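Participant: Handing you this structure, nothing more for now.
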Amino acid sequence: MEMEKVVSVEGLVKRYGDTTAVDGISFVVGRGEIFGLLGPNGAGKTTTVECIEGLRVPDAGRIEVLGEVPSPTNYALKARLGIQLQGTAFLSRLTVEETLRLFAALYPRHRPIPELLGLAALGEKRRAQVGKLSGGQRQRLAVALALVNDPELLVLDEPTTGLDPQARRALWDLILSLKGEGRTVLLTTHYMEEAEELCDRVLILDHGRIVALGSPEALIAEHFRETPIEVVLGDAGADLSGLPGVERVVRDKEGTIVLYSAAPVETIQALSALSHRGEIGLRDLRLRRVSLEDVYLLLTGRRIRE
Amino acid sequence: MRAFAALLVAEFKHFFRERMALFWMFLFPIFFMLLFGFVFGGDSEDQVSLRLGIVAEGAGPAAEELVRGLSRIPLVSEVHVGALEEELSALRGRKRDGVLVVPVGFWERLRAGEKVRFVLYYDASRTTTYQVLVSVIQEFLARSEEALTGRPRSFELAPEPVQVRSFRPIDYMVPGILAMTLMQLGLFGVAGTLVARREQKILRRFWAAPLRRSVLAGALISHRLAVSLIQAALILLVAVAAFDVALVGNYALMAGVVLLGALAFVSLGYLIASFARSVEGSTALLQIINFPMMFLSGIFWPIEWMPGFLRPVVYVLPLTYLGDALRQVMVGASPFVPLWLDIAVLGGWTAVAASLSVRFFRWE
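Sequence order for the protein chains is A and B. Going by our numbering, the first residue of the first sequence is number 104, and it counts up by one from there. Going by our numbering, the first residue of the second sequence is number 6, and it counts up by one from there.
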C-alpha cells in the first residue's frame, strides 16, 4: 500500500562552516506515523528537523512538507506545523495560560486553551509563571504549544530529554494519544527505549548519515536472528557452546553468560535437561529481548548515550 | 494585528512582573535624582568672580580704556565687548553676570560735568551676585571719574533687572537623569534583552510560528517607547513634586524629544545586539558604551567643564544631544547647540543605527 507522504526529504545536505551536519539523507514520513530520528548528540537530528520546520535553509537537497517547500518565510506552511524545539525557553514571567494565549494569537486558528491545558495535564498550573515550572511541566507546556494550532504534523525535538521516568511516561502517553487523533508525529530522541515504545519507524543517524531505517522490530530482526538467553550458573567452567541453537557465547563481567540462540526453545530445553541431570547448577535463566541499543552498537561500534 | 497586540500585551506583563528591571528602569533614576537633589540641592549663588559684558557702541577709544580698567579688577574674571542683544542673551544664558552699557560720548560729557547714565543689566534671580556686581561697578566708575575730573558722582548707575531663569544643579540634573534612563532602556532593555532571548532560544520558538520578524520587532520597539514615556512622566513628577523643578517647554515637544531619544537608543540597542554573540559578551560591550556616555556627554555637569582633549568625544556621543535637547525643552536651559541640531543629530543616529541593524541583525 502506497502511504500518503507528509514529509519527504531527498538528498538533504547542511553544512556549518567546515562541518557537514547532515550529509545527503533521504526519507519519507507517511500520514499517521510516529517517525523517529534516532542518534547521539551531534548526529544531525536537530539540523534535519529544523530544515523541515523551515527554520534553516538546506545547502542541497529537496524537502517537501504537506505538499509545500519549507522556508523561513513560508508562513502558510508554518501555520500547519506544530513545533517543539529542543531546549527553548518562553517569557519567564508569563503564566502557562498567558503563554498559550500568546501563541494562540500568532496562528490563524487555535484549539481551545482549556483543552490544551487538559491534554498537557497543566490545568492546575495554568496560573503559574513559566519560570517557576519544573522541567517536566515546562516540557509538557512546550508540547502543548506545539498543539496550539491544531497541526497536521507535529515535529518534536527531544521531547523527553532531561525528564524523570514518570514524566517521560506521561509524555509518551500524550504523544501516543496524538497518534490516536490521526496526527503525524516526527520526533527526535537519543533514548532507544523511547524510540521502540513510540515509533512506527525509526531512522538511525550517525555523523549526518543514515545508518538504518525501518520499524524497530524489523531493524532488530534484520540484524539479530538470535535471541539472547542469559544464564547464571552456580559452578563456573561448563561449556555451553555445543547446546542446540547456540551461535555465540559471551560471558560478561558479572559472570552472567549470554547465549545467542537461533532456536531459543531448544536451547532452553537442553539447559533444563542438563540442570535436571545435575550436570550444571542453573541458578537463573532470562530471555532478553534484543533492543535498538544492540542494533546501534552493532552498526556504529559505539553506545548511543553520551 | 492580533499577533502584534498579543505580543505587546505579553511584553507589558513580562516587563512589569520583573522586579529587578522595574527597579533599574524606574526607581533607580528616581533614587539617583533624590540623592543628587539633596546633595547639590541648594542655590548655586556662591560665585565670587564676575563675568561682564560691555556694550560700548560709538563710545570711542575711551571705552577701551574703561574695558582695560574693568579687566584689572580682581573680582572680574571675564570682560566681553559686544552688541546689546548679544550680551543680553549671554546674560540670559548665564554666561555673563552683568552687562554694562556705556553711553555714547560719556567721556566728553563727564568732563563737561554733565550727568551720565550707565545702564547695568543684571540677573534678577541672583541677589547676592547683584550686590557684589553693583558695588564693584559703582566703585570702579567712581574711581575712574575721580581720576579724571577730581570729583566723583556725576555718573549715575541705573541697574536694570533681566529675568533670567534661576538654575540650580538639580534643574540641570533632571533632564540629564532622564536622558541617562532613556539610554539605558535602549542599551540594557533592548540589546541585553534581545541577546538573552536569542541565547535562550525564546526568539527561535517565535520563528517556528507564522510570525513576521517585523511584527515582533515592532511590538518590542512600541513597548520600549511606551515605557520611555512612562519613565519620563515619573521622573518629571518626582522632579516637580520633590524639587520644584519648573518645566517650561510644552508637553508635546517634550514627549517628542523623549520618543526621539528613546528611538535613537532602541536603534543603538539593536545595533549592539547585532554584534554581541553571547550574554557575557554583550554585558561587557554595554558597559563599555554606558560609562563613557554617562560621564562624557554633559548630562550631569556642563560640557564647558570638560577638558579640551575630551571635546571630540563629547561631540560624537548621541547622549550629548539628547541631554541638551531635553534641558532645552524641559527647563529652558541655554543650548549647547540649537535644538534643531540636537534633533537632527539624534535623527541621524537613529537612521544610521537602524539601517545598520536591518543589515546586520541576526535573530538567531
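Backbone N, C-alpha and C fix where the C-beta goes; we use that ideal spot for every residue, glycine too. In this text the structure is predicted, and so the values were computed from the model without any measurement.
#1: When DSSP labels each residue in this structure, what does B:Ile78 get in the three-state scheme?
#2: In three-state DSSP terms, what is A:Ser364?
#3: For B:Thr325 versus B:Ser302, is the C-beta distance shorter than 8 Å?
#4: Return the residues of the stretch 210 to 222 of chain B that lie within a Cβ-Cβ distance of less than 7 Å from chain A, sorted by chain order.
#5: Please report how far the alpha carbon of A:Val116 lies from the alpha carbon of B:Val357, in whole angstroms.
#6: Please list the segments of the alpha helix (DSSP H) lying wholly inside the stretch 120 to 190 of chain B, counting only runs of 4 or more residues, in order along the chain.
#7: Kindly indicate which three-state DSSP category B:Glu16 falls into: helix, strand or coil?
#8: Which residues of the stretch 197 to 218 of chain A have a Cβ closer than 9 Å to any Cβ of chain B? Give them in chain order.
#9: Which residues in the same chain as A:Leu390 place their Cβ atom closer than 7 Å to its Cβ, once the five residues preceding and following it in sequence are excluded?
#10: Can you pull the chain B neighbours of A:Glu156, defined as C-beta to C-beta under 8 Å?
#11: Considering Cα atoms alone, identify which of B:Phe366, B:Ala196 and B:Leu331 is closest to B:Val241.
#12: Between which two residues does the beta strand (DSSP E) containing A:Asp276 stretch?
#13: So with CB distances below 8 Å, who are the chain B contacts of A:Pro175?
#14: Following the continuous alpha helix (DSSP H) through A:Glu297, name the residue where it begins and the one where it ends.
#15: Verify the CB distance criterion: does B:His228 have a CB-CB separation below 8 Å to chain C?
#16: Per DSSP, what are the beta-bridge partners of B:Glu23 in this structure?
#17: Nearest-angstrom Cα distance between B:Val84 and B:Arg173?
#18: Run through DSSP, which three-state label would A:Tyr210 get?
#19: Got a sec, what are the start and stop residues for the beta strand (DSSP E) A:Gln187 sits in?
#20: Can you pull the chain A residues whose beta carbon is under 9 Å from the beta carbon of B:Ala11, in chain order?
#21: Can you give me the C-alpha to C-alpha distance between B:Val72 and B:Val107, rounded to a whole angstrom?
#22: Do the CB positions of B:Trp212 and A:Leu158 come within less than 8 Å of each other?
#23: Assign A:Ala179 to buried or exposed, taking buried as 16 or more other Cβ atoms, counted over all protein chains shown, within 10 Å of its Cβ.
#24: From which residue to which residue does the alpha helix (DSSP H) around A:Ile216 run?
#25: Less than 8 Å between the beta carbons of A:Gln242 and A:Leu266, yes or no?
#26: Assign B:Lys120 to buried or exposed, taking buried as 16 or more other Cβ atoms, counted over all protein chains shown, within 10 Å of its Cβ.
#27: A:Ser364 and A:Thr370: beta carbons closer than 8 Å?
#28: Going by DSSP, what residue range makes up the beta strand (DSSP E) through B:Ile235?
#29: Would A:Tyr119 count as contacting chain B if we go by Cβ distances under 8 Å?
#30: By the criterion of Cβ-Cβ separation under 8 Å, what are the contact partners of B:Ile207 in chain A?
#31: Using beta-carbon positions only, say whether A:Thr402 and A:Ala298 come within less than 8 Å of one another.
#32: Where are the beta strand (DSSP E) runs, 3 residues long or more, that stay fully inside the stretch 246 to 291 of chain B, in chain order?
#33: Which chain B residues sit within Cβ distance under 7 Å of A:Ala182?
#34: For a minimum of 4 consecutive residues, which ranges assigned as the alpha helix (DSSP H) are wholly contained in the stretch 51 to 115 of chain B?
#35: From the beta carbon of B:Arg282, is the nearest beta carbon of chain A less than 8 Å away?
#36: Distance, Cα to Cα, A:Thr122 vs B:Arg367?
Facilitator: Quick look at the numbers:
#1: As a working mapping, residue 78 of chain B is identified with position 73 in the second sequence. Correct three-state label for B:Ile78: coil.
#2: As a first step, residue 364 of chain A is located in the first sequence; it is residue number 261 there, counting from the start. Note: A:Ser364 maps to strand in three-state DSSP.
#3: Stepping through the second sequence from its first residue, residue 325 of chain B is reached at position 320. Stepping through the second sequence from its first residue, residue 302 of chain B is reached at position 297. Yes, they are a contact pair.
#4: For the stretch 210 to 222 of chain B, which is checked against every Cβ of chain A, the residues closer than 7 Å are Arg210, Trp212, Ala213, Ala214, Pro215 and Leu216.
#5: Against the first sequence, residue 116 of chain A aligns to sequence position 13. Against the second sequence, residue 357 of chain B aligns to sequence position 352. C-alpha separation (whole angstroms): 37 Å.
#6: You should have 132 to 154.
#7: Your numbering for residue 16 of chain B matches position 11 in the second sequence. Helix at B:Glu16.
#8: Going along the stretch 197 to 218 of chain A in chain order, one finds Leu197, Thr198, Glu201, Thr202, Arg204, Leu205, Phe206, Ala207, Ala208, Leu209, Tyr210 and Pro211 with a Cβ nearer than 9 Å to chain B.
#9: The residue labelled residue 390 of chain A in the question sits at position 287 within the first sequence. Result list for A:Leu390: Thr330, Ile332 and Pro367, in chain order.
#10: Taking the first sequence and counting its residues from 1, one reaches residue 156 of chain A at position 53. Residues of chain B passing the Cβ test: Ala213.
#11: Position 236 of the second sequence, counted from the first residue, corresponds to residue 241 of chain B. According to the sequence shown, residue 241 of chain B is Leu rather than Val. Answer by Cα proximity: B:Leu331.
#12: Numbered from 1 along the first sequence, position 173 holds the residue referred to as residue 276 of chain A. Looking at the DSSP string, A:Asp276 is not in any beta strand (DSSP E); the run it does join, the alpha helix (DSSP H), is Pro268 to Gly283.
#13: For this step, residue 175 of chain A is matched to residue 72 along the first sequence. Neighbours of A:Pro175 on chain B, chain order: Trp212.
#14: If you number the first sequence from 1, residue 297 of chain A lands on position 194. Looking at the DSSP string, the run of the alpha helix (DSSP H) that includes A:Glu297 is Met295 to Leu301.
#15: Absent from the structure: chain C. Protein chains present are A and B.
#16: Working through the second sequence from its first residue, we reach residue 23 of chain B at position 18. DSSP output for B:Glu23 lists no bridge partner at all.
#17: Position 79 of the second sequence, counted from the start, is the residue given in the question as residue 84 of chain B. Position 168 of the second sequence, counted from the start, is the residue given in the question as residue 173 of chain B. Taking the straight line joining both Cα atoms gives about 24 Å.
#18: As a working mapping, residue 210 of chain A is identified with position 107 in the first sequence. In the structure shown, the three-state DSSP call for A:Tyr210 is coil.
#19: The residue you call residue 187 of chain A lines up with position 84 of the first sequence. That run of the beta strand (DSSP E) goes Leu184 to Gln187.
#20: Within the second sequence, the letter at position 6 stands for residue 11 of chain B. Under the 9 Å cutoff, chain A gives Arg204, Leu205, Phe206, Ala207, Ala208 and Leu209.
#21: As a first step, residue 72 of chain B must be located in the second sequence, where it is residue number 67. As a first step, residue 107 of chain B must be located in the second sequence, where it is residue number 102. Their backbone Cα atoms lie some 10 Å apart in a straight line.
#22: For this step, residue 212 of chain B is matched to residue 207 along the second sequence. For this step, residue 158 of chain A is matched to residue 55 along the first sequence. A contact, by the Cβ cut-off of 8 Å.
#23: In the first sequence, the residue the question calls residue 179 of chain A occupies position 76. Classification for A:Ala179: exposed.
#24: To locate residue 216 of chain A, count along the first sequence from 1; it is residue 113. Looking at the DSSP string, the run of the alpha helix (DSSP H) that includes A:Ile216 is Ile216 to Leu222.
#25: On the first sequence, residue 242 of chain A is found 139 positions in, with the first residue counted as 1. On the first sequence, residue 266 of chain A is found 163 positions in, with the first residue counted as 1. The answer is yes: Cβ separation under 8 Å.
#26: Here residue 120 of chain B is taken as the residue at index 115 of the second sequence, counted from 1. So B:Lys120 counts as exposed.
#27: One-based indexing of the first sequence puts residue 364 of chain A at position 261. One-based indexing of the first sequence puts residue 370 of chain A at position 267. A contact, by the Cβ cut-off of 8 Å.
#28: As a first step, residue 235 of chain B is located in the second sequence; it is residue number 230 there, counting from the start. Looking at the DSSP string, B:Ile235 is not in any beta strand (DSSP E); the run it does join, the alpha helix (DSSP H), is Arg218 to Phe248.
#29: Within the first sequence, the letter at position 16 stands for residue 119 of chain A. Output row for A:Tyr119: interface = no.
#30: Counting from one through the second sequence, the residue named residue 207 of chain B turns up at place 202. Thr191, Ala192, Phe193 and Leu194, listed in chain order.
#31: The residue labelled residue 402 of chain A in the question sits at position 299 within the first sequence. The residue labelled residue 298 of chain A in the question sits at position 195 within the first sequence. According to the sequence shown, residue 402 of chain A is Leu rather than Thr. No, these two residues do not count as a Cβ contact at 8 Å.
#32: As summarised for the stretch 246 to 291 of chain B, there are no continuous beta strand (DSSP E) elements at least 3 residues long confined to that stretch.
#33: If you number the first sequence from 1, residue 182 of chain A lands on position 79. Within chain B, the residues near A:Ala182 are Pro215.
#34: 66 to 76 and 89 to 97
#35: Counting from 1 along the second sequence, the entry for residue 282 of chain B is found at position 277. B:Arg282 does not count as touching chain A.
#36: Against the first sequence, residue 122 of chain A aligns to sequence position 19. Against the second sequence, residue 367 of chain B aligns to sequence position 362. Cα to Cα, the separation comes out at about 21 Å.
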